[in-house]
Every structure is written in C-alpha cells, then in structure tokens.
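See structure below.
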Amino acid sequence: MARRPLPRILTDSAPLARMTQSTSLARGRELARTAADSACDVLHPLITIGRGLRRLAAAGRGRWVDTPRENRGPLAFFVGACVLVMCLVPYGPLLALIAVMGAGAWAGRERTPVETGPGEAERERLQALYEALVPYFSVEGDPSPLYAHDGGWERVFTEHAFDDSGRIERLQLKYPAYFTDGEDQSRVRIEQVLYAKAGRGREYHFGWDELANQLTVTVLGALPADIAAQRFVTAPGETVLGFTDADAVQRTLPVTAGQETRDAPPVVWRTGPRSTEPHLLVLGQPGTGATTLLRSIALQALQHGDVLVIDGGGTGEYGALSGRRGVLGVESGLAGALATLEWASHETERRLIAANRARQAGRPAPEDTRRPLWILADRPTALAHVAVAEGRDDPQRWLQTPLRHGRAARVTVVVADQFESAELLSEPVRAHTKARVVLGPATAEEVRAVLGAPPHTTPTASVPPGRGYVRLGSAPVLRLQVPATPDPLDEATGQALRQAVLSLLPERTVPADGTGTDTTATDGRPGDAGASADAGRRVNMSKSGGAGGAGTGPADAAEPHRATVAAGDTAGAGRAARATGADDTATTGAAPDPGTAEPSAQPVGAAGARVRIVKGGESRMVNGSVETVPTEG
Ligand SMILES: Nc1ncnc2c1ncn2[C@@H]1O[C@H](COP(=O)(O)OP(=O)(O)OP(=O)(O)O)[C@@H](O)[C@H]1O
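Heads up: the sequence shown begins at 0 in numbering that gives the first Met the number 0, then just goes up one per residue.
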C-alpha cells in the first residue's frame with residue numbers, strides 16, 4: 000500500500016523559518032533571557048547557599064558512612080545533644096539557622112579551578128620529546144608498545160617540571176624492559192636525543208633505574224666556581240681535588256667563598272699505603288686548569304710532605320714554590336728533570352728497602368721513610384720531545400719505580416698533560432694512575448677514554464677553567480670544579496687570590512734574593528724574587544751548559560723559565576759548578592740503573608735533610624739544591 004504524504008506544514012520549512020525570523024519571537028526571546036539573568040542575579044545568594052548545603056550534606060553523609068558502626072550511636076547522641084542545647088538556649092534556633100546558612104554560603108562559593116598539568120606549549124614540547132624517542136624505544140611486533148607514532152606522552156612521562164621560561168627542568172620517563180639500558184651505546188643515544196630536544200647549552204644528569212625501567216633527567220646547575228685555595232679541613236693523606244654536586248658525595252667541608260662560609264661537597268682523594276688509587280693523571284685541553292690543579296695539590300701536599308715539581312711546559316708557573324720548606328725542586332729543564340726524577344726513583348727504592356729491613360727486624364718503619372713525597376709532573380711529554388731531539392732518556396722512565404712501588408713507600412705521582420700528547424705518556428703512567436681527572440670541554444667519548452666510563456651528565460661546549468670530571472678508581476664519574484689557585488707571581492692574578500695562595504705557601508728555607516729577605520712575602524708582587532736574585536749564587540738544577548749562569552744549549556734556549564734554587568751560602572758558586580758535574584753524572588748514564596742501584600740509607604725527605612741521590616755517585620740534595628760531595632770510602 001502506498002504511503003500517505005505528510006501534511007505540507009510539516010514538510011515545508013519555509014513557514015517555520017518565517018516564524019523564527021519574526022520580530023515578535025525575537026523580542027520574546029530577548030525578554031526571556033533578561034528575565035532569566037535578573038532572576039539569576041536575585042537568586043544567586045540562594046543558589047550559592049543551596050549548593051553549599053548540598054555539599055555539606057554530601058560531606059556529612061560521607062562522614063556518617065565512614066564512621067564505624069560502633070561509633071555511630073555516640074555520634075548520633077552527640078549531634079542530638081547539640082541540637083537540644085541549641086533549642087534550649089535563647090535565640091538558639093535562630094543562631095543555628097544563621098550558622099548553617101553561613102556555612103552553606105562558604106561551602107557553596109564558586110572556586111576558580113586551579114590550573115594543573117602542563118600548558119599548551121609544554122604539552123607540545125612533551126609530545127615532541129615523546130615522538131623523538133619512538134624509534135629508540137619501540138620494536139616491531141610489540142603488541143602494546145609504550146612508544147608508538149600515534150601514542151601520547153601521558154602514559155610514559157610519569158613526572159615533568161618546567162622552569163619559568165618553559166624549558167624542561169626534570170623529566171621521569173618509563174621505557175620498555177627490552178631496551179638495552181645496560182649498554183653504554185644505547186644509553187648515550189637516548190641521552191643525546193633528550194639533550195637535543197630538551198634544550199642544548201645546559202647540563203643534564205641522567206639517572207638510569209634499570210630495575211624499574213625508568214630514566215630521570217634533571218637539569219644541573221653550574222658548579223660554584225667561587226671557592227679559592229684555602230686550608231681545607233682534611234686528615235693527613237687526604238687531598239681535595241675540587242668540589243662536586245651535593246648528592247654525589249656524602250661529605251661536606253666548611254669553605255670560605257668570598258665573604259661567606261658554607262659547607263661544600265668535596266672530591267677527596269686518599270693517597271698513601273692504603274690507597275687503592277695512589278697516583279693521579281690529569282688530562283685536558285690547554286688552558287683548562289691542569290697547572291692550577293697541580294698547584295692546589297702541591298699546596299695541600301706541603302702541609303705534611305715534600306714536593307718535587309717537573310714543569311715540562313716551562314711556563315714557570317710553579318716559581319712561587321721554589322725555595323720553600325718541603326719543596327725539593329722545581330725543574331723545567333730536561334737535564335734537571337732527569338736528575339731529579341732519578342733521585343726520586345732511588346729514593347722510592349731506598350724507602351722500600353729501609354721499611355722492609357725494619358719490618359724484618361720487628362721495628363716500625365723508620366721516620367725518614369714515612370714523610371710523604373709527591374712528584375708533580377706537569378707536561379712530562381714536552382720533555383720527552385726534547386729528550387728525543389737530544390738523544391737522551393725520556394724522563395718518564397724514572398717515574399716507573401715511584402709509580403709501581405710508590406704506594407708502599409708513600410711516594411705519590413701526579414701527572415698532568417694535554418689530550419693531544421696523551422699517546423706520548425709512558426705505559427707505567429697509563430697503567431698506574433687510577434685516579435683520573437679530565438678538565439675543560441670534552442666529548443663523552445673523550446671522557447670515557449680517559450676515565451674508563453662516560454659521564455652521567457652531558458658535557459657542555461663551554462665550561463669555566465678548572466671545570467671537569469673526576470673518577471677515583473672504579474667509583475662513579477663526578478663533576479669537578481677545582482679551587483681557584485692562581486700563580487701568585489702572575490701579574491694578572493688579583494690581590495685577594497694572590498694573598499690566599501701566598502698564605503698557604505710554607506716559609507722560605509732559601510732566601511729569594513741576596514739580602515735574604517722574602518720579597519714575595521712582604522708585598523706579594525711578582526718578579527721581585529727572580530729579578531733581584533743573585534744569579535752567581537744560584538744553583539741551576541737544569542744545567543746542561545755552564546755552571547751557575549744561563550744555559551747555552553738548545554734546551555736552555557727553549558726553556559726560558561726554568562727554575563733556579565738559591566744556594567744561599569757563600570759556597571754557592573763552587574756548589575753550582577759541582578752541581579753541573581752531578582747533573583752530568585746523572586744524565587749521561589753514569590748513574591746505576593734503577594733496578595740495580597743500591598740506595599743510600601741516609602735520611603731523606605724532611606726539609607733541609609741531606610739526601611744522597613746515588614751511592615757511589617756524588618749528587619746530594621741539600622735544601623732543595625743538588626750538590627756534589629766526595630765519595631765515601
Ligand atoms: N679552578 C680555577 N678557577 C679559576 N680560574 C682558573 C682555574 N683553573 C684555571 N684557571 C685560570 O685559567 C687559566 C689557565 O689555567 P692553567 O694555567 O692552570 O691551565 P693549564 O691547563 O695548565 O694551561 P697551560 O696548558 O696553558 O699551562 C689561568 O688564567 C688560571 O688562572
């Protein structure tokens with residue numbers, strides 16, 4: 000049966016449209032809207048109170064439900080008693096009504112919802128980060144991937160925080176269990192992606208929680224660079240290499256920075272017989288603070304021990320140490336370095352033999368074997384170059400015995416050099432320096448090559464001098480800021496820092512000039528000590544040419560700053576001549592091989608002690624000067 004058509008009024012919309020557009024209908028609508036608005040304004044307090052009473056009632060019901068059954072009776076009794084009291088007191092019901100209305104109005108007030116979660120721009124940033132991680136955290140065939148191209152970040156970014164400028168400050172993310180988080184390469188890839196997407200130019204810490212499959216990225220603030228050289232509160236055998244992040248070490252030290260005193264987290268390196276990393280290697284780009292670190296170590300070492308400095312760079316930046324109590328020599332020439340290191344090698348053996356004999360005799364180790372001896376070699380590879388040119392020994396050869404046996408003999412070796420010369424470092428230096436420092440800008444690969452593990456932070460392209468990474472043995476890699484310890488004889492050094500360093504230097508045992516006055520101690524100005532010194536009364540330990548005067552050989556020309564130590568007595572000139580002979584003996588092969596030399600049993604180490612370098616030879620170290628003495632029968 001055919002369907003009947005609908006009446007025209009229901010199918011044709013034109014009449015309806017006409018009605019809608021009619022002015023009377025529009026006016027009616029306007030009136031209705033105004034009336035509703037006015038009613039809303041008038042009734043608003045009542046609406047608020049009503050909403051509040053509803054919320055209070057809901058809260059009361061919830062409370063009643065939460066109350067244990069056995070407590071409901073007393074609670075009902077208490078409420079009833081309150082109501083009764085209200086009814087009995089004058090104006091009680093009225094006051095109760097006002098109180099209930101007030102509470103309703105307060106509970107029903109409109110609260111602007113607190114904005115939670117990231118804003119639009121921040122959500123976009125998180126989504127971009129998520130999408131960048133998809134190729135690394137997903138594999139084909141995963142039925143429910145955490146990371147997928149059409150996925151959202153909300154599932155995997157469990158924590159996030161932004162700084163005022165909208166950059167990520169902290170991010171915690173989950174990753175699939177099959178991700179190879181145990182492999183450095185895999186981790187480094189993720190760290191690089193996050194570094195690029197979260198904003199370059201800042202340092203990030205990556206905390207991998209392999210158990211929970213969680214990675215926490217935190218932006219690190221710069222390490223404070225305002226700590227200068229000062230007396231650190233440490234035990235003998237402890238050396239502060241610098242300062243690091245507060246959560247990286249468990250200890251703090253009181254330090255003075257500018258006008259304030261505060262606690263700072265130090266990187267403390269332990270040396271001596273019980274140390275598991277008794278020697279240190281420092282590598283870095285030129286000008287990144289290796290010399291400063293060695294100077295800082297020297298100032299701390301001089302508190303309890305003796306120091307020998309080899310300044311292979313020949314920049315004269317250790318000149319302030321010359322002639323100070325405990326400083327056995329500051330050498331920047333090849334010949335002097337060879338003689339000094341040879342002595343140190345024999346001294347190590349002497350200490351070992353003396354301590355061994357004492358042990359066999361049931362006595363404690365002799366006093367003269369217990370004073371720590373520090374060998375600080377700054378750029379020894381520069382001298383190795385000169386040695387090759389002159390056909391002489393590489394000075395590093397004489398570091399072998401101190402490196403191998405120094406721990407038991409309380410001899411500590413610190414070697415600093417530059418990245419580009421690192422392959423010239425001898426095998427014993429590489430093998431026995433378990434404490435390592437990298438200074439200055441370095442890629443993660445460079446840091447790993449030196450420290451044996453990559454840093455857990457992204458190295459930044461520009462860092463202040465003295466900034467780097469440190470690793471003691473197999474401990475974690477830490478960020479490091481070396482205390483500012485400039486050369487006090489450098490004119491560019493500020494007065495405050497100069498005074499800080501000068502105040503840490505031990506007293507002079509050898510006058511800085513012919514008058515016997517300590518010019519640097521009085522006014523701290525550089526240059527005085529060297530300029531006014533009587534050249535004829537100095538013993539040049541770096542001699543390869545004539546006695547006492549300026550060197551004439553090629554090595555001398557290349558070493559304008561080599562250290563000289565004043566003899567300080569009237570026999571200076573003659574001693575200088577003999578020192579030349581001693582030096583020649585030591586460096587032309589007349590000295591016995593370290594393996595066969597029988598060390599002297601004479602006391603050594605303490606400032607001013609007479610030290611014979613080689614038995615049968617004629618070299619002695621007296622007050623930091625090499626002198627020759629007649630051979631004993
Ligand atoms: N920890 C530090 N705090 C402040 N300034 C520093 C620090 N370390 C080094 N400097 C400054 O950086 C400059 C270079 O330092 P330093 O000479 O120690 O570096 P270097 O690596 O030994 O350089 P080079 O190889 O040229 O001798 C100096 O001006 C020094 O004062």
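Glycine included, every Cβ here is placed at the ideal spot set by N, Cα and C.
- If you draw a straight line from the Cα of Asp162 to the Cα of Gly206, it is about 20 Å long.
- In the structure shown, Val469 adopts extended strand secondary structure according to DSSP, grouped into three states.
- Across the structure, Leu398 and Pro117 are spaced so that their CA atoms are roughly 59 Å apart.
- For Phe418, there is no enclosing alpha helix (DSSP H), as DSSP marks it with neither H nor E.
- With the rule of 3 Cβ pairs closer than 8 Å, the region 417-433 does not count as touching the region 298-310.
- Here the region 45-56 lies against the region 95-105, with 3 or more beta-carbon pairs under 8 Å apart.
- Shortest Cα-Cα distance from Leu382 to any of Arg350, Ala415 and Gly361 involves Ala415.
- A direct Cα-Cα distance of roughly 25 Å separates Gly439 from Asp262.
- Its chain contains Thr238, Leu375 and Val413 as the residues whose beta carbon lies nearer than 7 Å to that of Ile296, once the 5 sequence neighbours on both sides are disregarded; these appear in chain order.
- Leaving aside the five residues that flank Val133 on each side, the residues in its chain whose CB is nearer than 7 Å to its CB run, in chain order, Tyr146, Ala147 and His148.
- Pairing Ala56 with Arg71, the inter-Cα distance amounts to about 17 Å.
- With respect to Val449, Val266 sits apart: the two C-beta atoms are not nearer than 8 Å.
- Gly61 carries a helical assignment under DSSP once its states are collapsed to helix, strand and coil.
- In this structure, Pro175 is the residue among Arg110, Pro175, Ala104 and His159 with its C-alpha nearest to the C-alpha of Glu139.
- Counted as a single uninterrupted DSSP element, the beta strand (DSSP E) harbouring Phe156 occupies residues Phe156 to Phe161.
- Listed as beta-bridge partners of Tyr203 by DSSP are Val218.
- Here Glu69 is exposed. Its C-beta has fewer than 16 other C-beta atoms within 10 Å.
- In the structure shown, the three-state DSSP call for Thr456 is strand.
- Apart from sequence neighbours up to five positions away, the residues of its chain that approach Ala354 with a beta-carbon distance below 8 Å are Ala364, Pro365, Thr368, Ala407 and Ala408, ordered along the chain.
- For ligand 1, no non-hydrogen atom lies closer than 7 Å to the CB of Gly220.
- Here Phe77 is exposed. Its C-beta has fewer than 16 other C-beta atoms within 10 Å.
- Counting along the chain, no alpha helix (DSSP H) covers Arg507, and no H or E run does either.
- By the 16-neighbour rule on beta-carbons within 10 angstroms, Tyr129 is buried.
- Using a 10 angstroms sphere on the CB of His278, the tally of other CB atoms reaches 16 or more, which defines it as buried.
- Residue pairing of Glu330 in beta bridges, as defined by DSSP: Ile309.
- Counting C-beta pairs closer than 8 Å gives three or more between the region 242-250 and the region 464-479, which meets the contact rule.
- With a cutoff of 7 Å, Thr314 counts as near ligand 1, since its C-beta is closer than that to a heavy atom of the ligand.
- Closest by C-alpha distance to Ala421, out of Arg391, Gly467, Arg378 and His455, is Arg378.
- For Arg108, the closest of Val326, His43 and Ser143 by C-alpha to C-alpha distance is His43.
- A Cβ-Cβ separation of about 11 Å leaves Pro485 out of contact with Leu501 under the 8 Å criterion.
- Excluding its 5 nearest sequence neighbours in each direction, Ala160 has C-beta neighbours in its own chain below 6 Å: Glu168 and Arg169, listed in chain order.
- Taking 7 Å as the cut-off, one finds at least one heavy atom of ligand 1 near enough to the beta carbon of Val481.
- Listed in chain order, the beta strand (DSSP E) elements of length 3 or more contained wholly in the region 235-315 are 237-242, 252-256, 259-263, 265-269, 279-283 and 305-310.
- In chain order, Lys196 place their CB closer than 7 Å to the CB of Ala127, counting only its own chain and leaving out the 5 sequence neighbours on each side.
- Glu259 and Gly493 have their C-alpha atoms some 19 Å from each other.
- Under the DSSP assignment, Glu168 falls in the beta strand (DSSP E) whose first and last residues are Ile167 to Lys173.
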